[in-house]
Amino acid sequence: MHIPDGFLSPQTYLPAYALAAGAWAWAARGLRQRLDEQLVPRLAALTALAYGLGLVMVPLPGGTSGHAVGVAMLALLFGPRLAFLAYSLVLALQSLLFGAGGITALPVNALAMGLAGAGVAVGAQRLLRGVNETAAVALAAWVSVFVPAILVALVLGVQPLLAQREDGTPLFFPFGLSVVLPAVLLPHLVIGIGEAALTVAVWRFARRRRWLAAA
Amino acid sequence: MRRARLAALAVAAAIVCAAPPAAAHEVQARVTTATATVVTLTYADGQPFAFEAFEAFEVHGAAGAPLAVGRTDAQGRAVFVAPAAAGELRLRAFSADGHGIERRLPAATEVAPPPLPGAEGSAPPRPQAVPGGVAAADADAGRSSRFLFGFGVLLALFGLIQLFVRRKKAK
Numbered sequence: 230m231h232i233p234d235g236f237l238s239p240q241t242y243l244p245a246y247a248l249a250a251g252a253w254a255w256a257a258r259g260l261r262q263r264l265d266e267q268l269v270p271r272l273a274a275l276t277a278l279a280y281g282l283g284l285v286m287v288p289l290p291g292g293t294s295g296h297a298v299g300v301a302m303l304a305l306l307f308g309p310r311l312a313f314l315a316y317s318l319v320l321a322l323q324s325l326l327f328g329a330g331g332i333t334a335l336p337v338n339a340l341a342m343g344l345a346g347a348g349v350a351v352g353a354q355r356l357l358r359g360v361n362e363t364a365a366v367a368l369a370a371w372v373s374v375f376v377p378a379i380l381v382a383l384v385l386g387v388q389p390l391l392a393q394r395e396d397g398t399p400l401f402f403p404f405g406l407s408v409v410l411p412a413v414l415l416p417h418l419v420i421g422i423g424e425a426a427l428t429v430a431v432w433r434f435a436r437r438r439r440w441l442a443a444a
Numbered sequence: 028m029r030r031a032r033l034a035a036l037a038v039a040a041a042i043v044c045a046a047p048p049a050a051a052h053e054v055q056a057r058v059t060t061a062t063a064t065v066v067t068l069t070y071a072d073g074q075p076f077a078f079e080a081f082e083a084f085e086v087h088g089a090a091g092a093p094l095a096v097g098r099t100d101a102q103g104r105a106v107f108v109a110p111a112a113a114g115e116l117r118l119r120a121f122s123a124d125g126h127g128i129e130r131r132l133p134a135a136t137e138v139a140p141p142p143l144p145g146a147e148g149s150a151p152p153r154p155q156a157v158p159g160g161v162a163a164a165d166a167d168a169g170r171s172s173r174f175l176f177g178f179g180v181l182l183a184l185f186g187l188i189q190l191f192v193r194r195k196k197a198k
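Respectively, the protein sequence lines represent chains A and B. Each residue of the first sequence is one higher than the one before, starting from 230 at the first, in this note's numbering. Each residue of the second sequence is one higher than the one before, starting from 28 at the first, in this note's numbering.
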């Protein structure tokens, strides 16, 4: 789901940088308000976990591969603002060190996975926690993968319409929505299940350790 | 009547002779030998980036127009022949699910071809590293080092934040 460099047109990533800059400033204010000696090591540990998880590739049927995201556990434990900030840091490191996602695509990746992923995770969990807490956490994790996948697929799929060469061929990502949507979304149906299992495990661990009061 | 037939024949012959573009329907094959640029693309786990689309551009060439477009083969190799005068190249490869890569490649003249098999003292060809990428043989060690470096960056950053919080609390 990490969009690499060269896939997005400037018409996409320049406005995304402007939007992400505002969101990063908003999230940084949230960090300043909530900083304390107990929160920082926990946030560091789970950010490092998200960083590591994003680099463990799991083969999927159909010849592709996937990896966990980890943004749901950050969002459920620390709220969407800190999760967005921490996950943006993860994306920047993955991009700079591994080429997993591009620097030009960083704001789109961060807004989709970091902000939208964290936001829908917290929203889903709050909506459903009255019914069943574990199911609410699992569903929150699943939507935190699937909703960003939809956003990333939409952004990629509109690129052929946004920028073309003189002969009409796409200048950036060449595949349209009809190809990209199923190609991106079908593997993420499965990845979301793995993410849900992982998030529930981390959530239970955090509850035993009484970390949830920090959220 | 005979004159009319002759005239019709002449017209038909003139049409045939005046239609060289029709030759464009006939595809001919010509086998030549050339030095190709071969870029092997794999996922981090070594799985080949197979049968995916790629485009190669000259970095300082005409804007937008690719030198070559094609698909990687079963081993994930993007193979194309760059003009001898081509400078630095840029390769972009895409899969429909949003994976891919964009890398600058050295000019064809800067990449020494591997020694011919059987040549005296020849060693097995070793993949050449491209800027921003790594040769396959070094990939695993490099990946572990980069992973640990990133981990260290995270710990250092949060360590600094923790120090800031403690100093703020002490005041």
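For glycine and all other residues, C-beta sits at the position ideal for the given N, C-alpha and C.
DSSP three-state assignment for V285(A), whether helix, strand or coil: coil
Buried or exposed (CB count within 10 angstroms, at least 16 for buried), W255(A): With a 10 Å radius around the Cβ and a threshold of 16 neighbouring Cβ atoms, W255(A) comes out exposed.
Which residues DSSP lists as bridging L132(B), in chain order: L116(B)
Counted within 10 angstroms of its Cβ, other Cβ atoms place I42(B) as buried (16 or more) or exposed: exposed
P336(A) in three-state terms, based on DSSP: helix
Integer-rounded CB distance, given that A71(B) should sit under 8 Å from M302(A): Going by Cβ atoms, the distance from M302(A) to A71(B) rounds to 23 Å, so no, they are not a contact pair.
Residues of its chain near H417(A), where Cβ-Cβ distance is below 8 Å and the 5 sequence neighbours each way are ignored: M230, G295, V374, F375 and A378
Cβ neighbours of R30(B) in the same chain (closer than 6 Å, five flanking residues each side left out): When the five nearest sequence neighbours on each side are left out, no beta carbon in the same chain lies closer than 6 Å to the beta carbon of R30(B).
C-beta contact flag for V300(A) and A347(A) at 9 Å: yes
Reduced DSSP category for A95(B) - H, G, I as helix; E, B as strand; rest coil: strand
Contact with chain A by D124(B), beta-carbon distance below 9 Å: yes
9 Å Cβ cutoff met for V413(A) and V381(A): One thing to note: V413(A) has its Cβ within 9 Å of the Cβ of V381(A).
Rounded separation between T60(B) and R119(B) - CA only: 25 Å
C-beta contact flag for A350(A) and A304(A) at 9 Å: Judged by beta-carbon spacing, A304(A) lies within the 9 Å limit of A350(A), meaning their Cβ atoms are closer than that value.
Listed by chain order, chain B residues near V269(A) by CB distance under 7 Å: F185, I188, Q189 and V192
Given 8 Å, three or more beta-carbon pairs between the region 114-131 of chain B and the region 76-90 of chain B: Touching, per the Cβ criterion.
Min CB distance E424(A) to chain B below 9 Å: no
Short Cβ contact (9 Å threshold) for I420(A) with V298(A): yes
Partner residues on chain A for V180(B), Cβ-Cβ distance less than 8 Å: L322
Euclidean distance between Cα positions of W371(A) and A425(A): 5 Å
Beta-carbon spacing of D265(A), V66(B) below 9 Å: Not closer than 9 Å, so no.
E362(A) in three-state terms, based on DSSP: helix
Outcome for Q323(A) when other beta-carbon atoms lying within 10 angstroms are tallied against a minimum of 16: buried
G295(A) - partner residues in DSSP beta bridges: V287(A)
Within chain B, partners of F327(A) - CB distance below 9 Å: A71, R170, R173, F174 and G177
Of the listed residues N338(A), G343(A), L344(A) and A369(A), nearest to A353(A) (C-alpha basis): A369(A)
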